[in-house]
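Asks: I'd like to ask you about the structure that follows.
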Amino acid sequence: MSNGYVNTGLREFTARLPEQKIAVLGFGVSNRALLRFLKANGAKKVFLLELKDSAEARAEAEALAADGTLAGFTFGEGYLDGLPAGGFDLIFRSPIIRPDEAHIDAAVRNGAVLTSEMEVFMEHCPCPMYAITGSDGKTTTTTLTARLLEEHYKDTDVRIWLGGNIGTPLIDKLDLIRPRDRVVLELSSFQLMHTRVSPEASAITNITPNHLNVHKDYQEYIDAKKAIFNRPLLNRGQTPILNGGQTRVQKKRVVLNAGNAVTAGIARDLAENNAGDMIVDVFTAKSAKETALTLAHNGATAYFDDGKLVFTGFCAGCGACAGQRFELARENVQLPGMHNVENLMTAALLLRTEISPEDVRAVAARFGGVEHRLEKVRELDGVTYINSSIDSSPERTINALSVFPDRSLVMIAGGKDKNLDYSPLGAHLVRKVKTLILTGPTADKIEASLNAAGGADIVNVVHASSYPEAVAAARRCAVAGDVVLLSPASTSFDMFKNFEERGNTFKRLVNEL
């Protein structure tokens, strides 16, 4: 109980935990929060299974065993060997572990229930949830959604909870969340695989090939993203929804990018086959003439035309009328790049039955972006240094390049491969980059894309074996008026734990110049 509210469904779920044998697969951020949740709710037979073995992780697990959080733990190769015959009632998988892994599949056939921290959270969250996924722009759109809600509810006691893949698990906060609050979630394809529940309102920013080193193929990746809206909520009962506090209805709102071939196709399918179940809102960076897709259903639109963001069907506090139209001049949006214009469109459309145009204008004028996303680090000797470490795919780097003038960049790129196609990147490098500094396993693929686009005699290419070497090379090559851009077009796992560590390393090295 918290603040006079009893989450009955959650209480029924947690009442069973003390008698259940539970396996927690993975020792990452989300499962650490899960372990706190399980201990707080009386779970006594919790076993941690983790592939990566380290003295630090073992010491932490031993401390958790000593305080009663864990009944046991297994690290290293073969960590799942005991799962099939372990007699487990519940298995919580880490997002990165495939749900069809052989040991997990055998355990499920033997009676275990496979779930995840995120699935349990969504099933028992008592308040309206907004969820965002996509290949690019998830974090910025999720953050914008939360900021818009915070602006709208700034003079009330409504609390906005931001979590999911953005790095803040909420499972151990469930007993603090009230029906009048709002939850905003960023969801990855890994979190959505095998998830049987989804929020009433969700958005797909775009879908382009990504994570093909984990997913079997592109279609599986698309299907995982689509799961954000195609599965019903379970065991939710009568809960408030976005529309003026009315009780839950069957319709869901989905926001999709009509400018992306895959998501436009998904929108058409929803419009034609699910009109009675879903309201589809569509955004695009194209003009109104190119949003004819919206005529097929009862949705709203957002589009960019003649230097303005135009929103239609905006109906804050009602949701039952045709809605209003309003405009926002591009110069009043602080975020750089058209991809960020699309992110703002997504967030605003997702909230169109709850916030006002004034909320959109206020946040657009103030919000300058999220760390590691076209983040200005410093200016030195007339050179501007920009950190966009989040750019872990060619598509993200193409978006980043679009912000800058032609032939203005000294760019650092390269990292670990995700089995992606780099060929589309080459032409953009030729147009935007003066000097390309390459590092990591994808260096050869990126250089090959440049050469295939005719850039061998146009762009100066430098190879570096480390980030200190890359930043030093950038300093030597850049002259006043240039921009040094970190946009790796690859993951960070060749040298770093994550893209944040990569970006922070770049910023430290730049600030030491």
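Numbering (our numbering), first residue to last: 458 to 970.
Note that the Cβ used here is the ideal one computed from N, Cα and C, for glycine as well.
Note that the structure is a prediction, hence the values are computed from the model and not measured.
1. On the three-state DSSP scale, how would you describe GLN648?
2. Is it the case that the CB of LEU893 approaches a heavy atom of the ligand MN more closely than 7 Å?
3. Taking 8 Å as the threshold (beta carbon to beta carbon), is ALA564 in contact with chain B?
4. Note down, one range per segment and in chain order, each alpha helix (DSSP H) of at least 4 residues found wholly within the stretch 764-834.
5. Going straight from the alpha carbon of ALA946 to that of ASN498, what length do you get?
6. Which value, in whole angstroms, describes the spacing of the CA atoms of LEU508 and ASP538?
7. May I have the straight-line CA-CA distance separating ILE847 from GLY960, to the nearest angstrom?
8. Within the chosen definition, does the stretch 914-921 reach the stretch 882-895 through at least 3 CB pairs nearer than 8 Å?
9. Can you grab the Cα-Cα spacing for the pair THR854 / GLN477, in whole Å?
10. Output the distance between the C-alpha atoms of ILE685 and VAL654, rounded to the nearest integer angstrom.
11. What would DSSP say about LEU752, mapped onto helix, strand or coil?
12. Flag this pair as yes or no: are the beta carbons of LYS595 and LEU649 separated by less than 8 Å?
13. Looking only at its own chain, which residues have a Cβ that is under 7 Å from the Cβ of ALA742, when we skip the five neighbours before and after it?
14. Can you tell me the Cα-Cα spacing of ILE553 and TYR536, whole angstroms?
15. Quick one: what's got a C-beta closer than 6 Å to HIS672's C-beta in the same chain, skipping five residues either side?
16. With distances taken Cα to Cα, identify the nearest neighbour of VAL719 among ASN670, THR665, LEU727.
17. Put SER906 into one of helix, strand or coil per three-state DSSP.
18. Report the rounded CA-to-CA distance for GLY624 versus ILE479, giving the unit in angstroms.
19. Rounded C-beta distance between HIS651 and PRO556? I'm assuming under 8 Å.
20. Pull the bridge partners of VAL615 from the DSSP assignment, please.
21. What residues in its chain sit with their C-beta under 7 Å from that of ALA757, if we drop five residues either side in the sequence?
22. Compare the C-alpha of HIS609 against each of ARG782, ASP816, ARG710 and name the closest.
23. Out of GLU574, GLY525, GLU576, LEU505, state which residue places its alpha-carbon closest to the alpha-carbon of GLY543.
24. Judging by CA-CA distance, which residue of ILE548, ALA909, HIS885, ARG830 is the nearest neighbour of ASP863?
25. So what's GLY529 in DSSP terms, helix, strand or just coil?
26. Does DSSP classify THR704 as helix, strand or coil?
27. If you run the structure through DSSP and keep just helix, strand and coil, what is LEU690?
28. Please name the residue in ASN789, VAL641, GLU517 whose C-alpha comes closest to that of CYS584.
29. Roughly how many whole angstroms lie between the Cα atoms of GLU955 and THR948?
30. How big is the Cα-Cα spacing for THR465 and CYS582?
31. Which class does VAL916 belong to by DSSP, given the choice of helix, strand or coil?
32. Under the DSSP definition of a beta bridge, which residues are partnered with VAL867?
33. Fully enclosed by the stretch 620-666, which alpha helix (DSSP H) runs are 4 residues long or longer?
34. Work out the CA separation of ASN567 and GLU828 for me, nearest whole Å.
35. In chain order, what residues of the same chain lie with their CB nearer than 7 Å to the CB of THR600, ignoring the 5 residues before and after it?
36. Identify whether LEU495 lies in helix, strand or coil by the three-state DSSP scheme.
Replies: Let me lay it out:
1. Working through the sequence shown from its first residue, we reach residue 648 at position 191. Reduced to three states, the DSSP call for GLN648 is helix.
2. Absence of the ligand MN is noted for the structure shown, with no ligands found whatsoever.
3. The structure shown contains no chain B; it is built from a single protein chain.
4. 795-807, 814-823
5. Reading the sequence shown from its first residue, position 489 is the one you call residue 946. Reading the sequence shown from its first residue, position 41 is the one you call residue 498. Between ALA946 and ASN498, the C-alpha separation is close to 43 Å.
6. For this step, residue 508 is matched to residue 51 along the sequence shown. For this step, residue 538 is matched to residue 81 along the sequence shown. Distance between the alpha carbons of LEU508 and ASP538: 11 Å.
7. Start at 1 with the first residue of the sequence shown, and residue 847 comes out as number 390. Start at 1 with the first residue of the sequence shown, and residue 960 comes out as number 503. Distance between the alpha carbons of ILE847 and GLY960: 8 Å.
8. yes
9. Position 397 of the sequence shown holds residue 854. Position 20 of the sequence shown holds residue 477. The alpha-carbon atoms of THR854 and GLN477 are separated by roughly 47 Å.
10. Translated into positions along the sequence shown, residue 685 becomes position 228. Translated into positions along the sequence shown, residue 654 becomes position 197. For ILE685 and VAL654, the distance between alpha carbons rounds to 8 Å.
11. Locating residue 752 in the sequence shown gives position 295, counting from the first residue. The predicted model places LEU752 with a pLDDT of 37, which falls under 50 and marks its position as unreliable, so this point remains unresolved.
12. Numbered from its first residue, the sequence shown carries residue 595 at position 138. Numbered from its first residue, the sequence shown carries residue 649 at position 192. Using a Cβ distance threshold of 8 Å, LYS595 and LEU649 do not count as a contacting pair.
13. In the sequence shown, the residue the question calls residue 742 occupies position 285. Listed in chain order, the non-local C-beta contacts of ALA742 below 7 Å within the same chain comprise GLY716, PHE761, MET795, VAL798, GLU799, local neighbours out to five positions each way being set aside.
14. As a working mapping, residue 553 is identified with position 96 in the sequence shown. As a working mapping, residue 536 is identified with position 79 in the sequence shown. Their Cα atoms are separated by approximately 15 Å.
15. Translated into positions along the sequence shown, residue 672 becomes position 215. A distance below 6 Å between beta-carbons, with the five flanking residues on each side excluded, links HIS672 to the following residues of its chain, in chain order: TYR678.
16. Start at 1 with the first residue of the sequence shown, and residue 719 comes out as number 262. Selected option, being the one with the closest Cα: THR665.
17. By one-based count along the sequence shown, residue 906 stands at place 449. Helix at SER906.
18. Here the question's residue 624 lines up with position 167 in the sequence shown. Here the question's residue 479 lines up with position 22 in the sequence shown. Rounded to whole angstroms, GLY624 to ILE479 spans 24 Å at the Cα level.
19. Your numbering for residue 651 matches position 194 in the sequence shown. Your numbering for residue 556 matches position 99 in the sequence shown. Sure, about 4 Å apart at Cβ, within 8 Å.
20. As a first step, residue 615 must be located in the sequence shown, where it is residue number 158. Answer is none; VAL615 lacks a bridge partner.
21. By one-based count along the sequence shown, residue 757 stands at place 300. Only ASP738, THR769, GLY770, PHE771, GLY780, LEU806, ARG809 meet the Cβ criterion.
22. To locate residue 609, count along the sequence shown from 1; it is residue 152. The option with the nearest alpha carbon to HIS609 is ASP816.
23. Position 86 of the sequence shown holds residue 543. Residue nearest to GLY543 within the set GLU574, GLY525, GLU576, LEU505 is LEU505 (criterion: CA-CA distance).
24. If you number the sequence shown from 1, residue 863 lands on position 406. It is HIS885 whose Cα lies nearest to the Cα of ASP863.
25. Locating residue 529 in the sequence shown gives position 72, where the first residue counts as 1. In the structure shown, GLY529 adopts extended strand secondary structure according to DSSP, grouped into three states.
26. By one-based count along the sequence shown, residue 704 stands at place 247. Residue placement at THR704 is flagged as unreliable, the pLDDT there being 35, under the threshold of 50; the coordinate-derived value follows with that caveat. Under the three-state reduction of DSSP, THR704 is assigned to strand.
27. On the sequence shown, residue 690 is found 233 positions in, with the first residue counted as 1. Because the pLDDT of LEU690 is 48, which lies under 50, any placement of that residue in the model is unreliable, and the question is left without a value.
28. Sequence index remark: in the sequence shown, residue 584 carries index 127 (1-based). For the residues ASN789, VAL641, GLU517, the minimum Cα distance to CYS584 belongs to VAL641.
29. Locating residue 955 in the sequence shown gives position 498, where the first residue counts as 1. Locating residue 948 in the sequence shown gives position 491, where the first residue counts as 1. The residue you asked about is not Glu; residue 955 is Asn in the sequence shown. Near 8 Å, if we compare the C-alpha coordinates of THR948 and ASN955.
30. As a position in the sequence shown, residue 465 is number 8, starting the count at 1. As a position in the sequence shown, residue 582 is number 125, starting the count at 1. Counting only the Cα atoms, CYS582 lies some 11 Å from THR465.
31. Numbered from 1 along the sequence shown, position 459 holds the residue referred to as residue 916. In the structure shown, VAL916 sits in coil (DSSP, three-state: anything other than H, G, I, E or B).
32. On the sequence shown, residue 867 is found 410 positions in, with the first residue counted as 1. DSSP lists THR892, VAL941 as partners of VAL867.
33. 646-649
34. Translated into positions along the sequence shown, residue 828 becomes position 371. Translated into positions along the sequence shown, residue 567 becomes position 110. Roughly 45 Å between the two C-alpha positions.
35. By one-based count along the sequence shown, residue 600 stands at place 143. Once the five neighbours on either side are set aside, the close Cβ partners of THR600 are VAL827.
36. By 1-based counting over the sequence shown, the position of residue 495 is 38. In this structure, LEU495 counts as helix in the three-state DSSP scheme.
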